[in-house]
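Below you'll find the structure, written out as structure tokens, and then a few comments.
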Amino acid sequence: MNHLLSVLAILLTLAACSGSPTPPIYFKVAVIVDMTTDPVTREQAEDVLAVANQKFIDLTGFGLQLHDFVEDHSGGSIASLVENHMEHTSDLPNGILVFSVGDEDRARIHRAYAQQIPAPKDFKNAFISPYLGDGYMYVAILQFNYRYAACGYAGTGIIQSHLSSPGECPGADGQACAGWHGMQVCPAALEFLEGHTPIDMAAGTIPHEFMHSFSDKGPDDHYSSEACRAAMGWEPSHYVFEEAEYYSDFCPFVYDVFGDSYRP
Ligand SMILES: [Zn+2]
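For the sequence shown, the working numbering begins at 8 and goes up steadily by one.
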């Protein structure tokens, strides 16, 4: 993290802390585990949300809190898992995190994505999306058991070889895979993954996916998009890796939009 960002992080932390020692308001998150495609324990879910909470406070001033933990064995679509949960719960959260490979393997391919699902008629979300209103459940779908820089899996979820399969790793095929938290990864990826864990890698995507519900430009809301550089008044070549990472690869102004969305 460069100096400017360190200062910014401190300012944001101070802003979040002014008045009370902990953030007074939480964006409440129910976790649904799609047990048929991405088993995650309650402890893992708690750890992911604890890391995401700190990041969320820094970025928005609001905390993230685990509101409910549900294991779903139905094997249904993301919408059906979420709708089923909403139908059977009186005290709904503000957002739902689904651990799953996603519909059509979208999270297995992209690691995570976002979806917005109409909530029951009597529900009003206290975080009001400027483009959706207050009647939606904000959903982040994330594969916890994602194969980062997969090496030796040959497109499956199970290790096939200790050498990289064709097309898996940059450079040549047949490279000796490296190990990372019980998984095989491309040797070139190790320097990026070292110092990270599956917990903080998962947590890092959560602010990003929930922010998608607060701006409607899709990929044009990403940190590295031309639209974001224009919105932020940045030079066309602006890209700072640490900054991109800090903002969970999302355009910074949307965090302010989110911050202003709380109208209980
Ligand atoms: Zn995105």
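Cβ atoms here follow ideal geometry from the backbone N, Cα and C, with glycine treated the same way.
Should residue i be counted as a contact of ligand 1 given a C-beta to heavy atom distance under 7 Å?
| i | result |
| --- | --- |
| HIS203 | no |
| HIS229 | yes |
| HIS219 | yes |
| HIS215 | yes |
What residue range is occupied by the uninterrupted beta strand (DSSP E) comprising residue i?
| i | result |
| --- | --- |
| GLY186 | 185-187 |
| VAL36 | 33-41 |
| PHE76 | 70-79 |
Could you tell me the distance, in whole angstroms, from the CA atom of residue i to the CA atom of residue j?
| i | j | result |
| --- | --- | --- |
| MET144 | VAL89 | 9 Å |
| ARG270 | VAL77 | 27 Å |
| GLN51 | ALA209 | 10 Å |
| PHE248 | ASP207 | 17 Å |
| CYS193 | PRO259 | 31 Å |
| CYS24 | TYR33 | Model confidence at CYS24 stands at a pLDDT of 46, short of 50, so the residue's coordinates are unreliable; what they give is reported in the following sentence. Cα-Cα distance, rounded: 14 Å. |
| ARG236 | ILE64 | 24 Å |
| PRO31 | GLY70 | 8 Å |
| TYR262 | ASN152 | 27 Å |
| TYR246 | GLY240 | 13 Å |
| PRO137 | SER220 | 9 Å |
| HIS80 | ASP110 | 15 Å |
| GLY266 | MET218 | 10 Å |
| GLU198 | VAL108 | 26 Å |
| ASP98 | THR67 | 24 Å |
| ALA234 | SER168 | 42 Å |
List the residues that DSSP assigns as beta-bridge partners of residue i.
| i | result |
| --- | --- |
| TYR145 | GLY102 and GLN123 |
| SER136 | GLY140 |
| VAL269 | Sequence inspection shows Tyr at residue 269; the Val mentioned does not correspond to that position. Note: TYR269 sits in a beta bridge opposite PHE134. |
Do the CB positions of residue i and residue j come within less than 8 Å of each other?
| i | j | result |
| --- | --- | --- |
| THR43 | GLY82 | yes |
| PRO100 | HIS74 | yes |
| LEU104 | ALA133 | no |
| PHE106 | ASP41 | yes |
| LEU170 | TRP187 | no |
| ARG115 | THR212 | no |
Go to residue i, then tell me how far its alpha helix (DSSP H) extends in each direction, as first and last residue.
| i | result |
| --- | --- |
| VAL192 | Here VAL192 belongs to no alpha helix (DSSP H); instead the beta strand (DSSP E) covers 190-192. |
| VAL58 | 49-67 |
| ASP263 | 260-266 |
| LEU88 | 85-94 |
| THR212 | 205-218 |
| GLU250 | 248-253 |
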